[in-house]
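Comments concern the structure below.
Rendered as structure tokens:
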């Protein structure tokens, strides 16, 4: 049905969820891509592979925080972050209006205690952060891949729902139907927020005729599965939610600044007020609010660091003089995506260079490898600009920059104007148009 945030399912539970790539496939009537490999992957120098892996593991063991993080991922998956996010005011609640709550029934530890949970991982990985949760539903046992932290927060705290079973099932049904849990959860939370605040009510009611979904309010756990079904089938109000929050604001005729997105991509479950560097990454990312194209919040907490690249922890409420660090992490994640590296492992940069050189046979240096990431991000920015993105799109909506009166981010209001100017200067982008300059493109051989 071309839900705008439809994704691509891979090997059952692994999911390319963000930015609507599934809708792109659907628009081409492409149902699936099947691959059956018959040859081994050729490695330029396989002799040093095990040696490099051991070096990377030994380097981790020297830092308590960095060595305990894989242990938590192994135990609880990505949902180990919920406790941390709540403690830091990073996990959003009630459509980004507060972060003072304790969702004890939704934490990775609680889910592990209350449900049978199976562990799995990518081939050859010792972390095994993948989880399968067994849930009883309608007199049947259902194997649910996950749930991941982003899904738990999107359908849980963001919607004011603290019932673990309904949150797990909501995550599961998004996987079954094939659309992004983040954008789906944010869209549902936006609807609840509008109704609770009596905004756009007449326009909302016009789309509720002849459908039964129950009362639209915070904490209504029964609402989630009903709305997910309507979104997938594009029925009634689900047809509007299937377009995402930017389109919802327009259709319901409410202030567009209330729509939690950047460049049309719904906000992840990391509040920009909690980590200023993350906010800068959101607004400059070619695809909008992605927490994976630059996970600055993780670096800020000391879960990994690349000090020689200016990627390190500090005062999380400011990013003074660290614009270069944000750029370097964006470039590093572009390299990781291209090399199919995991964002959770984070070996030293020297190890990354050695691994890529061993795999490809190319003699990369720190400078030339970072240049690869720079070219990738610049090229994608160029494509985005060609599709209509300008500097005006490099911003947070006002709803995500309102001053909260309590909680861990109480009183914080971000002004990223000067940071953005420095970012543009370092990247070589034109301040007036937002496009990479001709000189920048020539330097990068684009």
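Residue numbers (the working numbering): 1060 to 1505.
The beta-carbon is built from N, C-alpha and C at its ideal position, and this holds for glycine as well.
In this structure, residue 1081 places its C-beta atom within 7 Å of the C-beta atom of residue 1237. A contact is defined here as three or more CB-CB pairs under 8 Å, and the segment 1097-1114 meets this definition with respect to the segment 1415-1434. Taken through DSSP and simplified to helix, strand or coil, residue 1145 comes out as helix. DSSP places residue 1277 in the coil class of the three-state scheme, outside both helix and strand. Cβ contact annotation for residue 1209 (same chain, cutoff 7 Å, sequence separation greater than five): 1240, 1241, 1327 and 1328, in chain order. In the structure shown, the three-state DSSP call for residue 1372 is coil.
If the five residues before and after residue 1448 are omitted, its C-beta is found closer than 7 Å to the C-beta atoms of 1322 and 1493, all from its own chain and listed in chain order. Per DSSP, reduced to three states, the secondary structure at residue 1495 is strand. Within the model, the alpha-carbon separation for residue 1173 versus residue 1357 is close to 28 Å. With a 10 Å radius around the Cβ and a threshold of 16 neighbouring Cβ atoms, residue 1313 comes out buried. Residue 1445 places its beta carbon 7 Å or farther from that of residue 1393. Out of 1138, 1136, 1062 and 1155, the CA that lies nearest to the CA of residue 1333 is found in 1155.
CA-CA distance, residue 1364 to residue 1354, rounds to 11 Å. Residue pairing by DSSP places residue 1202 opposite 1193 in a beta bridge. Beta-bridge analysis with DSSP links residue 1073 to 1069. For residue 1261, the enclosing alpha helix (DSSP H) has its first and last residue at 1260-1265.
Under the rule that a run must span 3 or more residues, no beta strand (DSSP E) segment is found entirely inside the segment 1414-1472. Going by C-alpha positions, residue 1269 is about 54 Å away from residue 1484. Residues of the same chain with a CB within less than 6 Å of the CB of residue 1258, apart from the 5 flanking positions on each side, are 1313 in chain order. Counting other Cβ atoms within 10 Å of its Cβ, residue 1488 reaches 16 or more and is therefore classed as buried.
1211 is the residue among 1135, 1211, 1235 and 1217 whose C-alpha sits nearest the C-alpha of residue 1224. 7 Å or more divides the Cβ of residue 1162 from the Cβ of residue 1249. When secondary structure is reduced to three states using DSSP, residue 1176 falls in the strand class. With a cutoff of 7 Å on beta-carbon distance, residue 1338 and residue 1376 are scored as not near each other.
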